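Trainee:
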Amino acid sequence: MLTKSDYEKYSSEAKEYLKKAGIAITKEEEARIEVAEYELGCIDKVGLELVVYVNTERCCAKELVLLPYQTCPEHRHPEINGEIGKEETFRCRYGTVYLYVEGEGPDEIKAKKPEGMEEYFTCRKEIILNPGEQYTIMPDTLHWFQAGSEGAVVSEFSTKSRDEYDIYTDPRIDAAGKRNV
């Protein structure tokens, strides 16, 4: 469970990474930084920090912050009540992002799967994003991603975000487990 001190620590670090990336956010946005810890008790390995700018019926824009080697767990954005799942484009702003989607990939990937959780990271098609590079993930595509040694900041542009419906490979993760304290 995310404690208040953990929230303060990780949201503060997120602000520093946003500054490193040259991304200005308002005081109101700073106060709304979300810390996704997925109730696994290892936020330094599996988790991320984010700022949502807009999330309407048609579009969403956010900044995703990953500390060094921090990983967003494998998941997909399914169809919901007959509406197609979320399509999202990741644009790297700072650091290196190792993105994995369904498909064939190398025998050895660059990312380091979180120890003891390797079975929950099955995607192998490797996309490496450096600042200025982007990749679009189609709806209902299984994916996960991890920052390199410098951490990373990723701008996400997508259709409506309904993270509470995401489906994770790791059965211990409840999509609603991402929250502020």
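The opening residue of the sequence shown carries number 2 in the numbering used here; numbering runs sequentially from there. Glycine included, each C-beta is placed from N, C-alpha and C at the ideal position. Given the structure is predicted, the values throughout are model-derived calculations rather than measurements.
At which residues does the beta strand (DSSP E) containing K126 begin and terminate?
Mentor: Start at 1 with the first residue of the sequence shown, and residue 126 comes out as number 125. Where K126 is concerned, the enclosing beta strand (DSSP E) stretches over 126 to 130.
Trainee: Let's see if you can read the secondary structure: which residues bound the alpha helix (DSSP H) around E14?
Mentor: Locating residue 14 in the sequence shown gives position 13, where the first residue counts as 1. Segment 5 to 21, the alpha helix (DSSP H) holding E14.
Trainee: First and last residue of the beta strand (DSSP E) that includes E50?
Mentor: Working through the sequence shown from its first residue, we reach residue 50 at position 49. Per DSSP, E50 belongs to the beta strand (DSSP E) from 49 to 56.
Trainee: Quick test of the definition: if touching needs 3 or more C-beta pairs under 8 Å, does the region 138 to 149 touch the region 67 to 81?
Mentor: Segments in contact, yes.
Trainee: May I ask you to report which of helix, strand or coil DSSP gives K63?
Mentor: Within the sequence shown, residue 63 is the residue found at index 62, counting from 1. Three-state DSSP puts K63 in a strand.
Trainee: Could you check whether F158 and T57 sit closer than 8 Å to each other, using their CB atoms as the reference points?
Mentor: Residue mapping note: residue 57 aligns to position 56 of the sequence shown, counting from 1. Residue mapping note: residue 158 aligns to position 157 of the sequence shown, counting from 1. No, the Cβ-Cβ distance between T57 and F158 is not below 8 Å.
Trainee: Along the chain, where does the alpha helix (DSSP H) containing E29 start, and where does it finish?
Mentor: Indexing the sequence shown from 1 puts residue 29 at position 28. Segment 28 to 32, the alpha helix (DSSP H) holding E29.
Trainee: Which whole-angstrom value describes the C-beta separation of V76 and G86, a residue pair presumed to lie in contact below a C-beta threshold of 8 Å?
Mentor: Locating residue 76 in the sequence shown gives position 75, where the first residue counts as 1. Locating residue 86 in the sequence shown gives position 85, where the first residue counts as 1. One detail in the question is off: residue 76 reads as His in this sequence, not Val. About 11 Å separates the two Cβ atoms, so there is no contact after all.
Trainee: Do you know whose CA, among V154, D171, E165, P172, lies nearest L49's CA?
Mentor: To locate residue 49, count along the sequence shown from 1; it is residue 48. Here the closest residue by C-alpha is V154.
Trainee: DSSP has I138 in a bridge; who is on the other side?
Mentor: By 1-based counting over the sequence shown, the position of residue 138 is 137. BP columns for I138 point to E89.
Trainee: Is P172 buried or exposed, if buried means 16 or more other CB atoms sit within 10 Å of its CB?
Mentor: One-based indexing of the sequence shown puts residue 172 at position 171. Result: exposed.
Trainee: Closest to K16 by CA distance: which of Q135, I110, E35, I138 is it?
Mentor: Position 15 of the sequence shown, counting from 1, holds the residue named residue 16. Nearest of Q135, I110, E35, I138 to K16, Cα basis: E35.
Trainee: For K179, collect the residues of the same chain with a Cβ closer than 6 Å to its Cβ; drop the 5 residues on either side in sequence, then sort them by chain order.
Mentor: Here residue 179 refers to the residue found at position 178 of the sequence shown. Confidence at K179 is low in this model, with a pLDDT of 46, below 50, so its placement is unreliable and the value that follows should be read with caution. Cβ within range, chain order: A37.
Trainee: When the Cα atoms are used, what is the spatial distance from K21 to Y136?
Mentor: Along the sequence shown, one-based indexing puts residue 21 at 20. Along the sequence shown, one-based indexing puts residue 136 at 135. Taking the straight line from one Cα to the other gives about 22 Å.
Trainee: Would a C-beta distance cut-off of 8 Å place L68 and E14 closer than the cut-off?
Mentor: Here the question's residue 68 lines up with position 67 in the sequence shown. Here the question's residue 14 lines up with position 13 in the sequence shown. Going by C-beta atoms, L68 is nearer than 8 Å to E14.
Trainee: Within a Cβ cutoff of 6 Å, which residues of the same chain sit near L65, ignoring the five residues on either side of it in sequence?
Mentor: Locating residue 65 in the sequence shown gives position 64, where the first residue counts as 1. Excluding residues within five positions, the ones whose Cβ falls inside 6 Å are L49, L51, V155, E157.
Trainee: Are K126 and G104 closer than 8 Å when you measure CB to CB?
Mentor: Locating residue 126 in the sequence shown gives position 125, counting from the first residue. Locating residue 104 in the sequence shown gives position 103, counting from the first residue. Contact flag set, yes.
Trainee: Can you tell me whether L130 sits near the ligand ADP, meaning its C-beta is under 7 Å from at least one heavy atom of the ligand?
Mentor: Absence of the ligand ADP from the depicted structure is noted, as is the absence of any ligand whatsoever, leaving it without description.
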